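Residue numbers (the numbering used here): 8 to 450.
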Amino acid sequence: MRITIFGSGYVGLVTGACLADVGHDVICVDVDSDKIARLKNGQVPIHEPGLETLIQHNLAEGRLRFTTDAAAAVDFGLLQFIAVGTPPDEDGSADLQYVLNVARTIGMNMKDYKIVINKSTVPVGTADKVQAAIAETLAGRGAELAFDVCSNPEFLKEGAAIEDFSKGSRVVVGTDSERVKRAMRECYAPYSRLQDKLIFMDVRSAELTKYAANAMLATKISFINEIAHLAERMGADIEQVRHGIGSDPRIGYHFIYPGCGYGGSCFPKDVQALSRTARSLGHESALLEAVETVNHRQKGQLFNKVSNAFDHDLKGKTIAIWGLAFKPNTDDMREAPSRTLMEALWEAGAKVQAYDPEASDECHRIYGQRDDLRLCQHRNEALEGADALVICTEWKAFRAMDFEALRETLASPVLVDGRNLFDPDIVKAAGLRYYAVGRGDSV
Ligand code: NAD
Numbered sequence: 008m009r010i011t012i013f014g015s016g017y018v019g020l021v022t023g024a025c026l027a028d029v030g031h032d033v034i035c036v037d038v039d040s041d042k043i044a045r046l047k048n049g050q051v052p053i054h055e056p057g058l059e060t061l062i063q064h065n066l067a068e069g070r071l072r073f074t075t076d077a078a079a080a081v082d083f084g085l086l087q088f089i090a091v092g093t094p095p096d097e098d099g100s101a102d103l104q105y106v107l108n109v110a111r112t113i114g115m116n117m118k119d120y121k122i123v124i125n126k127s128t129v130p131v132g133t134a135d136k137v138q139a140a141i142a143e144t145l146a147g148r149g150a151e152l153a154f155d156v157c158s159n160p161e162f163l164k165e166g167a168a169i170e171d172f173s174k175g176s177r178v179v180v181g182t183d184s185e186r187v188k189r190a191m192r193e194c195y196a197p198y199s200r201l202q203d204k205l206i207f208m209d210v211r212s213a214e215l216t217k218y219a220a221n222a223m224l225a226t227k228i229s230f231i232n233e234i235a236h237l238a239e240r241m242g243a244d245i246e247q248v249r250h251g252i253g254s255d256p257r258i259g260y261h262f263i264y265p266g267c268g269y270g271g272s273c274f275p276k277d278v279q280a281l282s283r284t285a286r287s288l289g290h291e292s293a294l295l296e297a298v299e300t301v302n303h304r305q306k307g308q309l310f311n312k313v314s315n316a317f318d319h320d321l322k323g324k325t326i327a328i329w330g331l332a333f334k335p336n337t338d339d340m341r342e343a344p345s346r347t348l349m350e351a352l353w354e355a356g357a358k359v360q361a362y363d364p365e366a367s368d369e370c371h372r373i374y375g376q377r378d379d380l381r382l383c384q385h386r387n388e389a390l391e392g393a394d395a396l397v398i399c400t401e402w403k404a405f406r407a408m409d410f411e412a413l414r415e416t417l418a419s420p421v422l423v424d425g426r427n428l429f430d431p432d433i434v435k436a437a438g439l440r441y442y443a444v445g446r447g448d449s450v
């Protein structure tokens with residue numbers, strides 16, 4: 008099939024590369040000409056395991072192309088995927104300007120029937136707005152052309168995006184058109200495993216499914232963090248509690264890891280957007296608002312723990328941070344807990360020495376050159392002259408640690424572990440002051 012994908016970010020690139028890899032002809036279009044120039048040379052601007060190889064291979068095979076020429080891209084594909092950003096507006100609701108710009112671009116340039124597929128995460132009712140934007144643009148140019156709009160929300164996780172796209176648990180398609188259903192079956196047919204997992208529903212239900220899924224996962228995280236908070240105050244160990252509850256199949260182990268709060272480009276904005284939509288419909292969603300409040304508080308916990316460990320005097324202290332990305336296997340720092348921590352440390356007069364296997368460039372892009380931030384090439388370099396170590400991201404390479412050496416390197420032997428990577432008894436036996444999440448140490 009000939010497929011056009013608007014937006015060459017995490018979702019657009021993974022979708023484009025995966026669909027090209029199974030034999031479709033794909034054009035990815037973006038407004039960012041630097042990004043497109045790099046992609047044409049096989050340089051991938053984001054870190055996503057396996058993506059660069061997949062893109063280079065399919066570029067070489069001629070099944071994947073990149074362009075900034077939106078008119079040619081619209082003309083190319085029967086399927087027009089929209090995978091552009093939907094960042095939060097000032098009031099937290101989803102900003103649809105990029106999605107609607109693409110809709111107008113399609114309306115402006117289409118010459119025959121198109122199926123417009125929205126993959127961006129958008130509020131319920133957006134498909135109607137996309138439909139109206141295309142219809143208005145077509146009317147403006149006096150064209151009478153048929154088209155369909157459907158919803159196909161994306162559920163991939165950064166860090167495992169290719170695996171998730173190709174072997175996901177489901178493909179949700181919101182449409183009531185038989186023609187669209189046939190086309191979407193054909194699009195996903197090469198993924199035989201996904202064929203059985205196509206779930207057709209009406210457009211509004213598909214749009215809500217994406218928000219409901221993310222809100223559910225965020226709720227699980229805030230739930231366990233809330234219990235971790237209680238465990239800390241009660242002298243209980245949340246890791247033992249997690250095992251105790253996760254073994255119940257009705258609860259399960261997924262997404263009940265206590266930590267320093269959820270971040271990334273999806274959960275924070277999607278929970279917020281759903282909650283704002285609820286409010287605009289006259290419903291105060293007490294649950295979603297609590298999920299956000301708990302997460303906000305949790306992101307502040309790392310700083311509170313460091314601050315308490317130094318009697319609230321961090322002026323002149325140097326804090327080592329391991330892990331800047333919002334989760335392992337990505338360089339994405341959007342809404343990362345590390346940012347909340349660094350900004351609070353700077354406010355308190357401390358310096359940061361940070362190491363992340365992938366996100367240093369991104370950190371430099373966000374914060375630029377500053378005297379109170381040193382980005383390190385190696386995890387041990389971040390420890391040089393530091394008073395304490397804080398772990399923000401559970402990269403695999405952080406799991407093995409020589410605690411004796413750490414105690415000798417740190418000026419004050421303080422280890423704050425935002426991901427509960429270690430056995431408290433072993434860490435404490437090495438002479439470190441260990442502050443994890445919900446493990447009976449309320450500092
Ligand atoms: P992103 O910010 O990484 O990429 C968006 C891209 O769209 C950018 O490269 C931007 O230049 C481009 N763009 C903007 N306007 C354009 C236009 N008119 N024409 C062509 N390109 C244009 O975004 P992302 O993380 O890929 O997310 C895209 C959507 O998918 C969002 O709605 C997001 O919520 C959703 N989503 C993201 C993930 C994820 O893990 N990142 C997972 C599922 C769903």
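For each residue, glycine too, the CB sits at the ideal point set by N, CA and C.
Here the structure is a predicted model, which means the values were calculated and not measured.
List the endpoints of the continuous beta strand (DSSP E) containing residue i.
{"i": "residue 208", "result": "205-208"}
{"i": "residue 442", "result": "440-442"}
{"i": "residue 180", "result": "178-181"}
{"i": "residue 87", "result": "86-89"}
{"i": "residue 35", "result": "32-36"}
{"i": "residue 396", "result": "395-398"}
{"i": "residue 70", "result": "Here residue 70 belongs to no beta strand (DSSP E), and DSSP marks it neither H nor E."}
{"i": "residue 333", "result": "Here residue 333 belongs to no beta strand (DSSP E), and DSSP marks it neither H nor E."}
{"i": "residue 381", "result": "380-382"}
Report yes if the C-beta of residue i is less than 8 Å from at least one heavy atom of ligand 1; otherwise report no.
{"i": "residue 159", "result": "no"}
{"i": "residue 99", "result": "no"}
{"i": "residue 66", "result": "no"}
{"i": "residue 105", "result": "yes"}
{"i": "residue 174", "result": "no"}
{"i": "residue 165", "result": "yes"}
{"i": "residue 168", "result": "yes"}
{"i": "residue 81", "result": "no"}
{"i": "residue 4", "result": "Any property of residue 4 remains undetermined from this structure, which presents the chain solely from 8 to 450."}
{"i": "residue 123", "result": "no"}
{"i": "residue 180", "result": "no"}
{"i": "residue 269", "result": "no"}
{"i": "residue 1", "result": "Residue 1 is absent from the structure shown; the chain starts at 8 and stops at 450."}
{"i": "residue 47", "result": "no"}
{"i": "residue 434", "result": "no"}
{"i": "residue 218", "result": "no"}
{"i": "residue 108", "result": "yes"}
{"i": "residue 282", "result": "no"}
{"i": "residue 76", "result": "no"}
{"i": "residue 137", "result": "no"}
{"i": "residue 313", "result": "no"}
{"i": "residue 73", "result": "no"}
What does the Cβ neighbour count give for residue i, buried or exposed, with the cut at 16 atoms within 10 Å?
{"i": "residue 295", "result": "buried"}
{"i": "residue 189", "result": "exposed"}
{"i": "residue 50", "result": "exposed"}
{"i": "residue 21", "result": "buried"}
{"i": "residue 161", "result": "buried"}
{"i": "residue 335", "result": "buried"}
{"i": "residue 305", "result": "buried"}
{"i": "residue 377", "result": "exposed"}
{"i": "residue 256", "result": "exposed"}
{"i": "residue 282", "result": "buried"}
{"i": "residue 441", "result": "buried"}
{"i": "residue 300", "result": "exposed"}
{"i": "residue 60", "result": "exposed"}
Where residue i and residue j are concerned, what is the direct C-alpha to C-alpha distance, given to the nearest angstrom?
{"i": "residue 325", "j": "residue 393", "result": "5 Å"}
{"i": "residue 64", "j": "residue 170", "result": "17 Å"}
{"i": "residue 244", "j": "residue 238", "result": "6 Å"}
{"i": "residue 82", "j": "residue 37", "result": "15 Å"}
{"i": "residue 349", "j": "residue 359", "result": "7 Å"}
{"i": "residue 279", "j": "residue 215", "result": "14 Å"}
{"i": "residue 75", "j": "residue 39", "result": "7 Å"}
{"i": "residue 409", "j": "residue 45", "result": "41 Å"}
{"i": "residue 80", "j": "residue 11", "result": "6 Å"}
{"i": "residue 450", "j": "residue 365", "result": "Residue placement at residue 450 is flagged as unreliable, the pLDDT there being 49, under the threshold of 50; the coordinate-derived value follows with that caveat. About 31 Å."}
{"i": "residue 168", "j": "residue 55", "result": "7 Å"}
{"i": "residue 298", "j": "residue 147", "result": "44 Å"}
{"i": "residue 30", "j": "residue 367", "result": "35 Å"}
What residue range is occupied by the uninterrupted alpha helix (DSSP H) comprising residue i?
{"i": "residue 353", "result": "344-354"}
{"i": "residue 258", "result": "Careful: residue 258 lies outside any alpha helix (DSSP H) and carries neither H nor E."}
{"i": "residue 138", "result": "133-147"}
{"i": "residue 298", "result": "293-316"}
{"i": "residue 283", "result": "274-287"}
Evaluate the contact criterion for the region 263-271 versus the region 342-360: three or more CB pairs, one atom per stretch, below 8 Å.
-> yes
At a cut of 8 Å, does the region 185-199 reach the region 222-231 through at least three beta carbon pairs?
-> no
Are there three or more Cβ pairs, one per stretch, closer than 8 Å when the region 129-148 is compared with the region 100-117?
-> With the cut-off at 8 Å, the region 129-148 and the region 100-117 touch.
How do the region 119-127 and the region 81-95 stand: do at least 3 beta-carbon pairs fall below 8 Å, yes or no?
-> Contact holds: three or more Cβ-Cβ distances are below 8 Å.
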